[in-house]
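Heads up: the structure comes next, in structure tokens.
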Amino acid sequence: VIMSSIQDDADNTTRFLVIGRNIFPTSGHDRTSVLVFIHDKPGALFDVLSPFARHGISMNRIESRPSHNAKWEYGFFIDLAGHVDDESMKKALAELEAHSAQIKVLGSYPVAVP
């Protein structure tokens, strides 16, 4: 750290990302990040999100980004409560594959603690 406490807001928090090939083992308090591309049809986003509700998985964040594959196609970064190895997460992700054009599990990791 070159310099600390340089923020303009005392409650500012910065998150860092560690990229690797291995998935963290389950800690019991985890988050999973996925990237989902949906089909361009009415109700597509609902179809993608429904498996998580059915399996009791909370969504912590969703953010849309334009796809580089086709105009007017979007990808969604979704953060979910739970680990990719949790049974409910496995079932929800399996259902999700049927409703998405493409899905990529970015990883599971322990929830950050302030």
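Residue numbering for the sequence shown is 4 to 117, as defined by my numbering. By construction, the Cβ of each residue, glycine as well, lies at the ideal position given by its N, Cα and C atoms. Bear in mind that the values here come from a model prediction, so they are computed numbers and not experimental data.
Checklist entry - Would the beta-carbon of serine 53 fall within 8 Å of that of aspartate 82? => result Translated into the one-based positions of the sequence shown, residue 53 becomes position 50. Translated into the one-based positions of the sequence shown, residue 82 becomes position 79. Taking 8 Å as the Cβ cut-off, serine 53 and aspartate 82 do not qualify as a contacting pair.
Next on the checklist: Classify serine 30: buried if its beta carbon has 16 or more other beta carbons within 10 angstroms, exposed otherwise.
Outcome noted: One-based indexing of the sequence shown puts residue 30 at position 27. Per the 10 Å Cβ criterion, exposed.
Checklist entry - From what residue to what residue does the beta strand (DSSP E) around lysine 93 run? => result Taking the first residue of the sequence shown as 1, we reach residue 93 at position 90. Looking at the DSSP string, lysine 93 is not in any beta strand (DSSP E); the run it does join, the alpha helix (DSSP H), is 90-102.
Item to check | Nearest-angstrom beta carbon gap, tyrosine 112 and phenylalanine 55 [assumed within contact, 8 Å] | outcome: Mapped onto the sequence shown, residue 55 falls at position 52. Mapped onto the sequence shown, residue 112 falls at position 109. The Cβ separation is near 18 Å, so there is no contact.
Item to check | Straight-line Cα distance separating isoleucine 5 from valine 51 | outcome: Position 48 of the sequence shown, counting from 1, holds the residue named residue 51. Position 2 of the sequence shown, counting from 1, holds the residue named residue 5. Valine 51 and isoleucine 5 have their C-alpha atoms some 43 Å from each other.
Checklist entry - Skipping 5 residues on each side, what residues in its chain have a beta carbon closer than 7 Å to that of glycine 85? => result Within the sequence shown, residue 85 is the residue found at index 82, counting from 1. Counting only Cβ-Cβ distances below 7 Å, and skipping sequence neighbours, we find Asp33, Thr35, Ile60, Ser91 and Met92.
Checklist entry - Relative to the C-alpha of phenylalanine 80, which residue among Lys44, Ser103, Asp89 and Ala97 is closest? => result Locating residue 80 in the sequence shown gives position 77, counting from the first residue. Of the candidates Lys44, Ser103, Asp89 and Ala97, the one whose C-alpha sits nearest the C-alpha of phenylalanine 80 is Ser103.
Item to check | Reduced DSSP secondary structure (H/G/I, E/B, other) of alanine 84 | outcome: Taking the first residue of the sequence shown as position 1, residue 84 is located at position 81. Strand, per DSSP.
Checklist entry - For the alpha helix (DSSP H) that contains phenylalanine 55, what are its first and last residues? => result If you number the sequence shown from 1, residue 55 lands on position 52. Per DSSP, phenylalanine 55 belongs to the alpha helix (DSSP H) from 47-57.
Checklist entry - With respect to the beta strand (DSSP E) encompassing glutamate 66, which residues constitute its N-terminal and C-terminal limits? => result By one-based count along the sequence shown, residue 66 stands at place 63. First-last of the beta strand (DSSP E) with glutamate 66: 62-69.
Checklist entry - What separation, rounded to the nearest whole angstrom, lies between the Cα atoms of glycine 100 and arginine 57? => result Indexing the sequence shown from 1 puts residue 100 at position 97. Indexing the sequence shown from 1 puts residue 57 at position 54. This sequence places glutamate at residue 100; glycine is not what is there. Whole-angstrom Cα-Cα distance: 15 Å.
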